[in-house]
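Residue numbers (mature numbering (1 follows the signal peptide of the UniProt record, and there is no 0)): -23 to -1, 1 to 501.
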């Protein structure tokens, strides 16, 4: 009997030992002062800390309570936080023509934070202080230099899907015939005109983006002592790219093995709870509830007065259905808000979307919020404002899990019809439930996937980098091969032409011997 006990004890010890992963020292860098951008990183770092890894996190959003293995390096006060303070008017200025200014401004301002005392303290740590570096990639490529600075594998995290400007540097295939750029608002099924525009934009955006990022080379040299001929050299340091996407939401696209989908990492809403009053109000919404939010930054109350009045009339038109609306400052709303509406400056969004009485979500189309809605099976009414939001909502509209409206041109009737269509047509709820099932059905959860690949990077470094990264652009696009083939064809054509001309001359000469003889006599 004791032999059996010893056998099981040894087996248990072996299993524990084989499943034990050495604790890693991880540096997380999310220096952009955007709450929605930090959501993915925050969830990732908490998961890694729970797995026993030691995490140092640079951000503007330190934790309100202590988590084991999670250490905040807070940048609070070093930059304005765009939470509940972006006006509708300012979003209209974010267009394709202002992209360069946006990239330059946000990029340089974020890179300037390297001068912060806590960042300087971090930079003075010796090589080998960290096993893995995890950094958000957006408009501040200067932070990619941390990988080589600490001689550690670098994982870049995009809170978007794969950004248009990263396909080339990572040598991941991009085909504009069915892969829409994130700013066009097109779906994967495009007309000839749309494919033309999409092709042009797919070439223009990366060039504009990287042109305005070049000034960040000065920050890399100043703070890391590293001279670069181009800011794009830093892409070589990326071992893996985590992207906030999944094929069920963002479409089927080919990618290289170093691009890892972790879309939905935040959908669980760990720790989010409804207040007692809010839960009671939602429980009593027996006719259903429509949730309205334009994300963590945009203030709905700054919409033009005619648009707010259109919302008010829609609220009355759908009564007794209730409305829960995120409003930063309810005092700025016009008077006579309908009685079926509750407002709040902040809401636990995932907890709200999980509630069974929430039947629709009116959104600006940000990827974080729409993933949460689809994950919990709530159909959408989309009023996209800028960036990838147009493409996101158009994609969902094509799947008939959303109705898309033009934020500049909607009125009481179009808004009411859109909300009623989603509420009363069971096809939307059916489709979003199917989309939710696809989104959640994976070999590993988003959390387990992220943890596995972080630990993989620590074990193996940059083994998954595409060989295409080593090629110059003209080699990557086979211009030298096409040039050689074209040159060979032209040379062969020239030789054939000469040979045929010579043969033709011989034939003509053989057919007219007398004429040739008389010509020879004249010459004599």
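Even glycine gets a Cβ: it sits at the ideal position worked out from N, Cα and C.
- Between residue 362 and residue 279, the alpha-carbon positions lie close to 13 Å from each other.
- A straight-line Cα-Cα distance of about 27 Å links residue 189 and residue 345.
- With respect to residue 146, residue 179 sits apart: the two C-beta atoms are not nearer than 7 Å.
- Residue environment analysis places residue 193 among the buried positions, since at least 16 neighbouring C-beta atoms fall within 10 angstroms of its C-beta.
- Bounds of the alpha helix (DSSP H) holding residue 435 are 423 to 437.
- Residue 303 is not a Cβ neighbour of residue 400, given a cutoff of 7 Å.
- In this structure, the CA atom of residue 427 is about 19 Å from the CA atom of residue 45.
- Taking all protein chains in view, the Cβ of residue 158 is crowded by 16 or more other Cβ atoms within 10 Å, so the residue is classified as buried.
- Using a Cβ distance threshold of 7 Å, residue 27 and residue 2 do not count as a contacting pair.
- The beta carbon of residue 122 is closer than 7 Å to those of 197, 201, 203, 211 in its chain, skipping five residues each way along the sequence.
- Taking the Cα of residue 409 as reference, the smallest distance to any Cα among 365, 356, 150 is reached at 356.
- Straight-line spacing of the CA atoms in residue 450 and residue 377 works out to 40 Å.
- The secondary-structure analysis by DSSP pairs residue 270 across a beta bridge with 340.
- Straight-line spacing of the CA atoms in residue 208 and residue 214 works out to 12 Å.
- Under DSSP, residue 77 forms no beta bridge with any residue.
- Counting of Cβ neighbours within 10 angstroms places residue 37 among the buried residues, the total reaching 16 or more.
- Spanning the alpha carbons of residue 218 and residue 134 requires a straight line of approximately 6 Å.
- In the three-state scheme derived from DSSP, where H, G and I count as helix and E and B as strand, residue 302 is classed as strand.
- Of the residues 398, 367, 394, the one whose Cα lies closest to the Cα of residue 384 is 367.
- Burial is judged here by how many other beta carbons sit within 10 angstroms of a residue's own beta carbon; residue 235 has at least 16 and is buried.
- Annotation for residue 327: no beta strand (DSSP E) segment contains it, though the alpha helix (DSSP H) segment containing it runs 326 to 331.
- For the set 11, 65, 63, the Cα lying nearest the Cα of residue 39 is the one of 11.
- The segment 89 to 104 and the segment 388 to 400 do not touch, with fewer than 3 CB-CB distances between them shorter than 8 Å.
- For the 7 Å CB-CB criterion, residue 221 and residue 17 form a contact.
- Checking the DSSP bridge columns, you'll see residue 50 partnered with 35.
- When the five nearest sequence neighbours on each side are left out, the beta carbons in the same chain lying within less than 7 Å of the beta carbon of residue 176 are those of 153, in order along the chain.
- Secondary structure of residue 166 (DSSP, three-state): coil.
- Closest by C-alpha distance to residue 272, out of 338, -1, 318, is 338.
- Here residue 67 carries a helix assignment [DSSP, helix/strand/coil].
- In the DSSP assignment, residue 319 forms a beta bridge with 301.
- Beta-bridge annotation (DSSP): residue 236 is paired with 218.
- Counting the other Cβ atoms within 10 Å of the Cβ of residue 287 gives 16 or more, which makes it buried.
- Residue environment: residue 19 is assigned as buried (16 or more neighbouring CB atoms within 10 Å of its CB, all protein chains considered).
- Under the DSSP assignment, residue 226 falls in the alpha helix (DSSP H) whose first and last residues are 224 to 227.
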